[in-house]
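S.K.:
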Amino acid sequence: MVTKVVDLRSDTVTKPSEPMRAAMAAADVDDDVLGADPTAQRFEAEMARIMGKEAALFVPSGTMANLVSVLVHCDARGSEVILGDNSHIHIYENGGIATIGGVHPKTVTNNPDGTMDIDRIVAAIRHKEGSLYYPTTRLICLENTHANCGGKCLSVEYTDKVGEVAKSHGLKLHIDGARIFNASVALGVPVDRLVRAADSVSVCLSKGLGAPVGSVIVGSKAFIDKAKILRKTLGGGMRQVGILCAAAYVGVRDTVGKLADDHRKAKVLADGLKKIKQFTVDLTSVETNMVFFDIADPRITPDKLCQVLEQRNVLAMPASSKSVRLVIHYQISDSDVQHALTCIEKAVEEILSGSAKFDHLTNGSTANSYGH
Amino acid sequence: MVTNVVDLRSDTVTKPSEAMRAAMAVADVDDDVLGSDPTAHRFETEMARMMGKEAALFVPSGTMANLVSVLVHCDTRGSEVILGDNSHMHIYENGGMSTIGGVHPRTVRNNPDGTMDIDKIVAAIRHPNGALCYPTTRLICLENTQGNCGGKCLSVEYTDKVGEVAKTHGLKLHIDGARIFNASVALGVPVDRLVRTADSVSVCLSKGLGAPVGSVIVGSKAFIEKAKILRKTLGGGMRQVGVLCAAAHVGVRDTVGKLADDHRRAKVLADGLKKIKQLTVDLTSVETNMVYFDITDPLISPGKLCQLLEQRNVLAMAVSSKSVRLVTHYQISDSDVQHALTCIEEAVEEILSGNAKSEHLTNGVAANSYGN
Numbered sequence: 007m008v009t010k011v012v013d014l015r016s017d018t019v020t021k022p023s024e025p026m027r028a029a030m031a032a033a034d035v036d037d038d039v040l041g042a043d044p045t046a047q048r049f050e051a052e053m054a055r056i057m058g059k060e061a062a063l064f065v066p067s068g069t070m071a072n073l074v075s076v077l078v079h080c081d082a083r084g085s086e087v088i089l090g091d092n093s094h095i096h097i098y099e100n101g102g103i104a105t106i107g108g109v110h111p112k113t114v115t116n117n118p119d120g121t122m123d124i125d126r127i128v129a130a131i132r133h134k135e136g137s138l139y140y141p142t143t144r145l146i147c148l149e150n151t152h153a154n155c156g157g158k159c160l161s162v163e164y165t166d167k168v169g170e171v172a173k174s175h176g177l178k179l180h181i182d183g184a185r186i187f188n189a190s191v192a193l194g195v196p197v198d199r200l201v202r203a204a205d206s207v208s209v210c211l212s213k214g215l216g217a218p219v220g221s222v223i224v225g226s227k228a229f230i231d232k233a234k235i236l237r238k239t240l241g242g243g244m245r246q247v248g249i250l251c252a253a254a255y256v257g258v259r260d261t262v263g264k265l266a267d268d269h270r271k272a273k274v275l276a277d278g279l280k281k282i283k284q285f286t287v288d289l290t291s292v293e294t295n296m297v298f299f300d301i302a303d304p305r306i307t308p309d310k311l312c313q314v315l316e317q318r319n320v321l322a323m324p325a326s327s328k329s330v331r332l333v334i335h336y337q338i339s340d341s342d343v344q345h346a347l348t349c350i351e352k353a354v355e356e357i358l359s360g361s362a363k364f365d366h367l368t369n370g371s372t373a374n375s376y377g378h
Numbered sequence: 212m213v214t215n216v217v218d219l220r221s222d223t224v225t226k227p228s229e230a231m232r233a234a235m236a237v238a239d240v241d242d243d244v245l246g247s248d249p250t251a252h253r254f255e256t257e258m259a260r261m262m263g264k265e266a267a268l269f270v271p272s273g274t275m276a277n278l279v280s281v282l283v284h285c286d287t288r289g290s291e292v293i294l295g296d297n298s299h300m301h302i303y304e305n306g307g308m309s310t311i312g313g314v315h316p317r318t319v320r321n322n323p324d325g326t327m328d329i330d331k332i333v334a335a336i337r338h339p340n341g342a343l344c345y346p347t348t349r350l351i352c353l354e355n356t357q358g359n360c361g362g363k364c365l366s367v368e369y370t371d372k373v374g375e376v377a378k379t380h381g382l383k384l385h386i387d388g389a390r391i392f393n394a395s396v397a398l399g400v401p402v403d404r405l406v407r408t409a410d411s412v413s414v415c416l417s418k419g420l421g422a423p424v425g426s427v428i429v430g431s432k433a434f435i436e437k438a439k440i441l442r443k444t445l446g447g448g449m450r451q452v453g454v455l456c457a458a459a460h461v462g463v464r465d466t467v468g469k470l471a472d473d474h475r476r477a478k479v480l481a482d483g484l485k486k487i488k489q490l491t492v493d494l495t496s497v498e499t500n501m502v503y504f505d506i507t508d509p510l511i512s513p514g515k516l517c518q519l520l521e522q523r524n525v526l527a528m529a530v531s532s533k534s535v536r537l538v539t540h541y542q543i544s545d546s547d548v549q550h551a552l553t554c555i556e557e558a559v560e561e562i563l564s565g566n567a568k569s570e571h572l573t574n575g576v577a578a579n580s581y582g583n
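One line per chain: the protein sequences are A and B, in this order. When you read off a place in the first sequence, starting at 1, and then add 6, the result is the number in the working numbering. When you read off a place in the second sequence, starting at 1, and then add 211, the result is the number in the working numbering.
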């Protein structure tokens with residue numbers, strides 16, 4: 007009997023479904039670099055349509071989607087981009103926009119709700135009169151949902167306001183929309199309306215939507231034409247990539263409708279965690295599929311807790327020296343949620359009673375508790 | 212009845228076989244960024260073993276494989292790399308090592324046989340005495356088989372000599388081995404022996420070996436660990452990538468043994484082309500799976516010829532104002548070769564008789580005649 011692992015480390019762990027595997031096996035493909043892979047082309051056209059933009063481009067990862075977007079918007083040397091100090095692009099993408107792209111970041115504080123204050127964004131825009139010393143601000147980046155802030159949704163009103171700021175200052179707006187569908191579902195706002203103010207959006211297929219690989223960038227035709235070249239330059243030009251697009255297509259078709267359930271399960275999880283007195287959980291901060299909880303008891307560390315949970319085949323991710331993150335996805339069932347809660351209760355007891363056995367971290371889960 | 216298209220534009224056009232599609236559909240996968248995908252792990256281990264190196268890393272493309280390799284070897288600002296003036300890396304990779312990686316190229320002339328003269332390589336190495344004005348040479352790159360020179364093989368003796376030069380001068384050696392298996396088969400030298408002197412090698416799975424996507428980089432454990440981070444930074448970190456590795460594994464298992472037949476067919480093609488008096492072919496220069504021929508009759512241009520061939524469902528690549536390239540692969544049969552020759556003869560007649568209808572290039576063959 008195979009023991010089931012309840013993997014709550016991230017929604018990136020989703021494995022391809024049977025329809026995805028069938029679609030991959032049957033995909034009509036061609037050399038996407040030499041011409042166009044028909045399946046990739048169909049998928050990109052559909053994603054552009056869904057997102058309300060002119061064109062789309064499939065890339066191997068969200069990191070590449072963001073890197074390409076920033077670099078295309080900031081193609082002149084001496085560019086600066088405004089983004090959140092707790093954003094994925096700034097914290098978890100190896101500083102690539104700078105180390106690879108030569109673009110300078112200007113961070114603005116991310117509020118707990120994922121936003122940056124509008125007046126602080128405006129204050130961060132470089133004044134042209136200082137151009138002898140200043141880089142030139144070209145781009146503002148938002149992240150929706152905002153992961154490090156807890157999977158928080160940026161409202162369409164806020165997004166539109168930032169879009170207006172960008173326009174009035176001659177800047178572009180890019181949205182890191184890795185989990186934009188989660189935001190759309192939680193807010194009840196159609197995804198194309200949600201990102202209307204943005205010049206470009208990156209959207210992940212390999213997270214909650216369940217595809218094995220990939221993201222798309224959406225934007226204007228001119229933007230995507232440039233993005234295609236930069237994608238090639240970075241090494242993201244794949245040949246018979248329709249294989250991956252076929253699976254991604256199934257993800258968009260089949261799984262967007264399941265995201266609301268993920269959000270519901272996250273709330274059930276949070277409710278259950280609140281009952282454990284060694285933890286604190288802010289129930290109002292569970293907006294989508296992520297649950298962060300703090301450990302109030304100093305005898306329990308996130309690492310220790312995650313190790314003991316792993317022994318019970320429940321995987322979680324330490325998020326800081328005193329907090330743990332759990333992420334729901336459609337391959338986590340209601341009974342998995344109950345099982346996880348039971349295991350967490352038992353793990354807490356075990357640690358407090360002194361009977362827990364800690365090995366050297368073998369699965370590297372704490373080493374990997376970064377940016378997923 | 213579906214008309215068979217005989218696609219001789221490149222070996223990148225190979226579509227996944229039934230065995231590959233089956234392997235992709237059942238591949239055992241996991242999040243390769245969070246831990247490791249078991250299928251990717253198995254495949255990378257196997258590739259390292261085959262190439263005689265410590266470790267391997269799967270990447271989306273040959274461009275990324277080369278870019279990562281150069282950037283890892285040249286991680287210090289102010290680096291210079293010596294490579295062929297007609298190499299794929301210098302001509303067809305968007306100058307990425309410079310525009311993305313900040314590395315300076317120093318080209319040395321490629322001889323028609325694909326080599327660079329050893330004394331010219333040595334002369335290109337920057338003298339440390341000039342360090343106030345010079346960048347620092349850190350790396351030499353070879354390409355085997357050499358694409359632009361006609362799919363030419365670099366011998367193991369030559370490769371070893373360049374390796375000695377590198378070692379003597381404290382430099383690294385990287386081999387762009389996109390088609391290294393073609394070289395190994397044509398030379399009758401085991402692939403690990405052929406690249407023994409190299410610090411790193413990039414190997415394509417998506418060309419003659421037939422996989423839909425990807426390349427691998429092989430090298431020392433320390434090198435591959437750094438390569439992994441740079442791969443992530445560029446955006447090449449893919450999640451359930453075992454789907455692609457499963458297909459690549461089948462390619463290596465099933466198709467290396469068919470490369471000799473590709474070479475044989477290339478020679479048959481060349482022999483047939485030689486009989487057409489408006490064309491010239493150097494039979495001795497057909498070493499692997501590429502055939503270049505020149506058009507001596509000024510009435511016939513490569514663009515026109517390829518257009519007419521396309522009307523006959525034969526695809527070829529115009530590579531200069533007077534030459535055309537054909538590439539064989541295992542999805543080109545003996546009768547496809549005969550059919551292509553017949554079509555070429557007919558196309559030549561049609562142009563000369565003034566009957567040819569030239570339309571606007573629809574398939575973008577000439578626009579895409581770059582670096583594939």
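Glycine included, each C-beta is placed from N, C-alpha and C at the ideal position.
Sorted by chain position, which residues of the same chain lie with C-beta nearer than 6 Å to G216 of chain A's C-beta, five sequence neighbours on each side aside?
M.R.: T20, G257 and T261
S.K.: What residues match up with V217 of chain B in a beta bridge as DSSP calls it?
M.R.: B:V525
S.K.: Could you tell me the distance, in whole angstroms, from the CA atom of L490 of chain B to the CA atom of L563 of chain B?
M.R.: 13 Å
S.K.: Is there a Cβ from chain B that is less than 7 Å from the Cβ of K21 of chain A?
M.R.: yes
S.K.: Inspect the beta-carbon positions of K363 of chain B and E498 of chain B and report whether they are closer than 7 Å.
M.R.: Going by C-beta atoms, K363 of chain B is nearer than 7 Å to E498 of chain B.
S.K.: When burial is assigned at 16 or more other CB atoms within 10 Å of the CB, is C360 of chain B buried or exposed?
M.R.: buried
S.K.: What residue does the beta strand (DSSP E) around G257 of chain A start on, and which one ends it?
M.R.: That residue, G257 of chain A, is in no beta strand (DSSP E); its alpha helix (DSSP H) goes G248 to T261.
S.K.: Can you tell me the Cα-Cα spacing of S413 of chain B and R407 of chain B, whole angstroms?
M.R.: 13 Å
S.K.: If you draw a straight line from the C-alpha of K134 of chain A to the C-alpha of I124 of chain A, how long is it?
M.R.: Each residue's Cα considered, the two are about 20 Å apart.
S.K.: For P44 of chain A, which three-state DSSP category applies?
M.R.: Correct three-state label for P44 of chain A: helix.
S.K.: Can you list, in chain order, the residues of its chain whose CB lies under 7 Å from that of H345 of chain A, leaving out five sequence neighbours each side?
M.R.: V12
S.K.: My guess is that L350 of chain B and C285 of chain B are in contact by the Cβ rule of under 8 Å, so how many angstroms apart are they, rounded?
M.R.: 6 Å
S.K.: Looking only at its chain, what residues have a beta carbon closer than 6 Å to the beta carbon of A335 of chain B, apart from the 5 residues adjacent to it on each side?
M.R.: Excluding positions up to five away in sequence, the list reads I293, R317 and V319.
S.K.: Between S93 of chain A and the rest of its own chain, which residues show a CB-CB distance below 6 Å, the 5 nearest in sequence each way excluded?
M.R.: E149
S.K.: In three-state terms, what does DSSP make of M323 of chain A?
M.R.: Residue state for M323 of chain A is assigned as strand, using DSSP reduced to three classes.
S.K.: Give a yes or no on whether the C-beta atoms belonging to V492 of chain B and A477 of chain B are separated by under 7 Å.
M.R.: Contact flag unset, no.
S.K.: For R220 of chain B, count the other beta carbons within 10 Å of its own beta carbon; 16 or more makes it buried, fewer makes it exposed. Which is it?
M.R.: Answer is buried; the Cβ neighbour count reaches 16.
S.K.: Which value, in whole angstroms, describes the spacing of the CA atoms of H474 of chain B and R536 of chain B?
M.R.: 14 Å
S.K.: Measure the beta-carbon distance from G430 of chain B to D410 of chain B and round it to whole angstroms, keeping in mind my assumption that it falls under 8 Å.
M.R.: 6 Å
S.K.: So is T444 of chain B in contact with chain A if we call contact Cβ pairs under 7 Å?
M.R.: yes
S.K.: What three-state label does DSSP hand D241 of chain B in the structure shown?
M.R.: Coil at D241 of chain B, not helix or strand.
S.K.: For the segment 238 to 251 of chain B, which residues have a beta carbon sitting closer than 8 Å to at least one beta carbon of chain A?
M.R.: Listed in sequence order: V240, D241, D242, V244, L245 and G246.
S.K.: By the 10 Å Cβ neighbour count, where 16 or more other Cβ atoms means buried, how is P196 of chain A classified, buried or exposed?
M.R.: exposed
S.K.: Should R245 of chain A be flagged as near chain B, meaning a C-beta pair shorter than 7 Å?
M.R.: yes
S.K.: If we ignore side chains and look at the alpha-carbon of each, how far apart do D288 of chain A and D300 of chain A end up?
M.R.: 9 Å
S.K.: Answer with buried or exposed for Q451 of chain B, where buried requires no fewer than 16 other C-beta atoms within 10 angstroms of its C-beta.
M.R.: buried
S.K.: What residues in its chain sit with their C-beta under 7 Å from that of Y381 of chain A, if we drop five residues either side in the sequence?
M.R.: Beyond the ends of chain A as shown, which are 7 and 378, falls residue 381 of chain A; an answer cannot be given.
S.K.: Within 10 Å of its beta-carbon, does C344 of chain B have 16 or more other beta-carbons around it, so buried, or fewer, so exposed?
M.R.: exposed
S.K.: What separation, rounded to the nearest whole angstrom, lies between the Cα atoms of P323 of chain B and S496 of chain B?
M.R.: 9 Å
S.K.: Quick one: what's got a C-beta closer than 8 Å to P227 of chain B's C-beta in the same chain, skipping five residues either side?
M.R.: Result list for P227 of chain B: M235, G421, A422, P423 and A458, in chain order.
S.K.: Does the beta-carbon of F364 of chain A have 16 or more other beta-carbons within 10 angstroms, so that it is buried, or is it exposed?
M.R.: exposed
S.K.: For R27 of chain A, which residues in chain B fall below 9 Å Cβ to Cβ?
M.R.: By Cβ distance, chain B contributes M235, A236, V237, A238 and V454.
S.K.: Given M241 of chain B, which residues of its chain have a CB within under 8 Å of its CB, disregarding the five upstream and five downstream residues?
M.R.: Correcting the residue identity first, residue 241 of chain B is Asp in this sequence and not Met. These residues qualify, in order along the chain: S247, D248, P249, Q451 and G453.
S.K.: Among A:D309, A:E316, A:V219 and A:A353, which residue has its Cα nearest to the Cα of I282 of chain A?
M.R.: Minimum Cα distance to I282 of chain A is reached at A:A353.
S.K.: On the CB-based measure, 16 or more other CB atoms within 10 Å of its CB, does S137 of chain A come out buried or exposed?
M.R.: exposed
S.K.: Tell me the rounded alpha-carbon separation between R27 of chain A and G68 of chain A.
M.R.: Rounded to whole angstroms, R27 of chain A to G68 of chain A spans 22 Å at the Cα level.
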